[in-house]
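For the sequence shown, the residue numbers in the UniProt record's numbering are 1 to 96.
The beta-carbon is built from N, C-alpha and C at its ideal position, and this holds for glycine as well.
As the structure is a computational prediction, the values presented were derived from the model and not from experiment.
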Amino acid sequence: MTEIKTSPTGTLTEGGSISALWKCPHTISFGAGRRACRGISFAIPTMRFALANLQYFFDWKMPNGMRQEDLDMSEAGDVIVCLRSAVLLIPVAHVF
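Next up, the structure:
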């Protein structure tokens with residue numbers, strides 16, 4: 001995952017270049033240039049926080065004796081990359 005930083009002027013940068021941020025495929029839905037969505041600086045950390053909570057509070061099991069080798073992780077799509085088949089997992093509440 002690319003590292004996104006903010007400069008003292010408040011603009012987002014990636015590797016020291018402001019324009020490089022908008023070339024990343026995972027930020028294309030936020031637009032570019034002057035009309036770019038300013039919510040990107042809020043959306044990315046929020047999604048990371050939500051994913052971290054899901055990983056922390058649940059143990060993930062595969063259904064019906066499925067093994068890790070049975071997962072099809074091949075990609076499909078042209079502009080938007082996604083998996084060819086859905087990954088089905090069963091969330092089990094983690095006991096602390």
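DSSP places I44 in the uninterrupted alpha helix (DSSP H) bounded by 40–57. For L89, DSSP records no beta bridge to any residue. When rounded, the separation of the alpha-carbon atoms in F96 and L54 is 15 Å. For the 8 Å CB-CB criterion, F57 and H94 form a contact. In the pairwise beta carbon analysis, the segment 27–46 is classified as not touching the segment 60–69: fewer than three pairs are separated by under 8 Å. Straight through space, the alpha carbons of A76 and L83 are spaced by roughly 6 Å. Out of D78, M47, G33, N64, the CA that lies nearest to the CA of I90 is found in N64. At the C-beta level, V87 and K61 stay beyond 8 Å of one another. M47 and S85 have their C-alpha atoms spaced approximately 23 Å apart.
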